[in-house]
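Take a look at the structure below.
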Amino acid sequence: MSNQTSAKRDGFVSSLGILLAMTGSAVGLGNLWRFPYLVGENGGATFIIFYLVCVIFICMPIMVCEFIIGRRSQANAFGAYKRLGGDKGWKVAGLLSVLAAAFILSFYSVVGGWSIRYLVLACGLKFTAAGGIQPETMFNSFVTSTWAPIIYTLIFLACTGIIIVAGVKNGIEKFTKALMPVLFVLMVILAVRSMTLPGAGEGVRYLFKPDFSKFTSSSAIAALGQAFFSLSLGCGTILTYASYVPRKENILKCSAETTALDTLFALIAGCAIMPAVFAYGISPGQGPGLVFVTLPAIFSELPAGGFAAILFFVSLFLAALTSAISLLEVVIAFLIEECNLRRPVAVGVSMSVFVVLAVLCSLSQGALSHVKIFSLNIFDLFDYVSANVLMTFGALLAVLFVGHKLKRADIQDELSSGGIYGVPRGFFKALYFIIRWAAPAVIIAILIAGLIS
Ligand code: PFF
-14 MSNQTSAKRD
-4 GFVSSLGILL
6 AMTGSAVGLG
16 NLWRFPYLVG
26 ENGGATFIIF
36 YLVCVIFICM
46 PIMVCEFIIG
56 RRSQANAFGA
66 YKRLGGDKGW
76 KVAGLLSVLA
86 AAFILSFYSV
96 VGGWSIRYLV
106 LACGLKFTAA
116 GGIQPETMFN
126 SFVTSTWAPI
136 IYTLIFLACT
146 GIIIVAGVKN
156 GIEKFTKALM
166 PVLFVLMVIL
176 AVRSMTLPGA
186 GEGVRYLFKP
196 DFSKFTSSSA
206 IAALGQAFFS
216 LSLGCGTILT
226 YASYVPRKEN
236 ILKCSAETTA
246 LDTLFALIAG
256 CAIMPAVFAY
266 GISPGQGPGL
276 VFVTLPAIFS
286 ELPAGGFAAI
296 LFFVSLFLAA
306 LTSAISLLEV
316 VIAFLIEECN
326 LRRPVAVGVS
336 MSVFVVLAVL
346 CSLSQGALSH
356 VKIFSLNIFD
366 LFDYVSANVL
376 MTFGALLAVL
386 FVGHKLKRAD
396 IQDELSSGGI
406 YGVPRGFFKA
416 LYFIIRWAAP
426 AVIIAILIAG
436 LIS
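Taking the working numbering, I'd label the letters of the sequence shown as residues -14 to 438.
Shown next, in the form of structure tokens:
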């Protein structure tokens, strides 16, 4: 064990801080730009119900596994498997998690940079009738240009690094505790504004009216994939944060609350975005197009739209930032504990690598767009490999590890926090079954479906 690990570890100090840090990791771009669109495209309420089933019966048990591994080991993702796994093989699981987090952070920070650029534009009242912008042309020329997106990406990475240098208690916990309530209030204001626009009812129906004909087998896979990404599973973030959770905390309760808050944020985001999109008769598009083209077009027509634009892009930035710090912490915890680096040095070392990777992702939208690997540009490759391969394998190994490697008594001990909380027998049996058999089977099915598609 390294000196750093044996010295007193930094950690969370309050239950609320833990919940908001976990929720901060989960609530991100996935909630704001993917969830609303997926709901509308895949049968509205039908999709939401299936999503909830996936979240409760598959994803929450996976989250619980990451909690168990993290808190029991009190170590970074790699060290956790090393410490609890005993033999060499399991360390691969930890390594995959660290890699997944690094890959995601590389492209995520580029989009985080875009959110800062758009916030600056919003503050300059560009998204008003007087702003005179052409959202599509503006977006395309911005992301394909060389220097501007790189500079904003570096600013985003710097913000992430500064919070992480301050540590778990003084950085992550303090900031997420302050930022998440702000994000919640902003999203609620936006949702109320959007839902009270004339013609907003169509958007609400798009989101919530059940339409079984639109729900297909690919909708089911999309729901599961979204639940995975949205809950930040399989890339060591929950595991690493859980390693900072004190023994007295109820990890079952914390998993349930994180899951509930993440889903609530996603629904509020849907209510903030889709009613406005429909009120202006625009067709909803997925991903960057929705957030950086469609919404600016709406803001410029909306009464007091300039103000709504500022609120929206602050929200987008905060959501991306709190997710990014959780991703960076996976790598930092690994460097501190496995390579014996001091936190500021670990941040410096990892930042120099992330700057290179993020710059490549940024350039792949423009100057390097001709560079294709498996017919994907660098940005899309990082996205694809992390979401479809590394995260899925990371989650699979986490459930297999808890279900088949850890002792049943140790799992019970961890779930009850050493006997402080009662865990009903029937509940434990069902959970244990899901962890051992159902969750691995579903994850393997997703992997196969992903390979086929
Ligand atoms: N959950 C984040 C989102 O919905 O945008 C994305 C994410 C963050 C994925 C952290 C994985 C992770 F470890």
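The beta-carbon is built from N, C-alpha and C at its ideal position, and this holds for glycine as well.
Between the C-alpha atoms of residue i and residue j, what's the straight-line distance to the nearest angstrom?
i	j	result
residue 117	residue 287	14 Å
residue 343	residue 92	6 Å
residue 310	residue -7	22 Å
residue 419	residue 340	40 Å
residue 161	residue 33	27 Å
residue -11	residue 5	Unreliable placement is indicated for residue -11, whose pLDDT of 46 sits below 50; no coordinate value is reported for it.
residue 152	residue 391	30 Å
residue 156	residue 148	5 Å
residue 114	residue 283	10 Å
residue 437	residue 105	42 Å
residue 365	residue 354	11 Å
residue 259	residue 414	41 Å
residue 0	residue 351	44 Å
residue 298	residue 150	25 Å
residue 53	residue 45	12 Å
residue 333	residue 41	39 Å
residue 396	residue 367	34 Å
residue 321	residue 221	15 Å
residue -14	residue 125	Below a pLDDT of 50, predicted positions are generally treated as unreliable, and residue -14, at 42, falls in that range; no measurement from the model is reported.
residue 314	residue 360	31 Å
residue 194	residue 231	43 Å
residue -9	residue 325	In this predicted model, residue -9 has a pLDDT of only 47, less than 50, meaning its place in the structure is not dependable; the value taken from the coordinates is given anyway. Taking the straight line joining both Cα atoms gives about 11 Å.
residue 186	residue 263	8 Å
residue 77	residue 225	16 Å
residue 271	residue 102	20 Å
residue 31	residue 197	6 Å
Give the single residue among the options whose Cα lies nearest to the Cα of residue i.
i	options	result
residue 21	301, 257, 374, 401	257
residue 169	416, 273, 153, 301	301
residue 192	42, 427, 106, 29	29
residue 388	51, 86, -1	51
residue 218	7, 433, 434, 0	7
residue 143	394, 25, 329, 175	329
residue 400	9, 23, 48	48
residue 417	296, 43, 368	43
residue 111	264, 380, 295	295
residue 139	99, 58, 180, 216	99
residue -5	404, 204, 229	229
residue 335	101, 356, 312, 180	312
residue 291	178, 204, 200	178
residue 121	278, 323, 109, 37	278
Within 8 Å of any Cβ in chain C, is that where the Cβ of residue i sits?
i	result
residue 375	Of the chains in the structure shown, none is chain C; there is only one protein chain.
- prompt: Where are the alpha helix (DSSP H) runs, 4 residues long or more, that stay fully inside the segment 122 to 183, in chain order?
  reply: 132 to 150, 159 to 180
message: I want to know whether the segment 251 to 271 touches the segment 6 to 20 - three or more CB-CB distances under 8 Å.
response: yes
message: Does the segment 421 to 432 come into contact with the segment 366 to 385, if we say contact requires no fewer than three beta-carbon pairs (one atom in each stretch) closer than 8 Å?
response: yes
query: Which runs of the alpha helix (DSSP H) fall wholly inside the segment 270 to 334 and span at least 4 residues, in chain order?
result: 280 to 284, 290 to 323
- request: Could you name the residues whose beta carbon sits closer than 6 Å to any heavy atom belonging to the ligand PFF, keeping them in chain order?
  value: 10, 11, 13, 14, 15, 16, 86, 89, 214, 215, 217, 220, 222, 308, 311, 312
message: Assess contact between the segment 236 to 249 and the segment 59 to 78, defined as three or more Cβ pairs (one per stretch) separated by less than 8 Å. Is contact present?
response: no
query: Unbroken alpha helix (DSSP H) runs of length 4 or more, entirely within the segment 229 to 264: which are they?
result: 236 to 264
- prompt: Taking only runs of the beta strand (DSSP E) that begin and end inside the segment 342 to 377, which ones reach a length of at least 3 residues, in chain order?
  reply: none
message: With three or more C-beta pairs closer than 8 Å as the rule, is the segment 73 to 91 touching the segment 369 to 377?
response: yes
message: As an exercise, report each continuous beta strand (DSSP E) stretch of at least 3 residues that is fully enclosed by the segment 6 to 58, in chain order.
response: none
- prompt: Can you give, in chain order, each stretch of the alpha helix (DSSP H) that sits fully within the segment 179 to 223 and has at least 4 residues?
  reply: 186 to 193, 202 to 215
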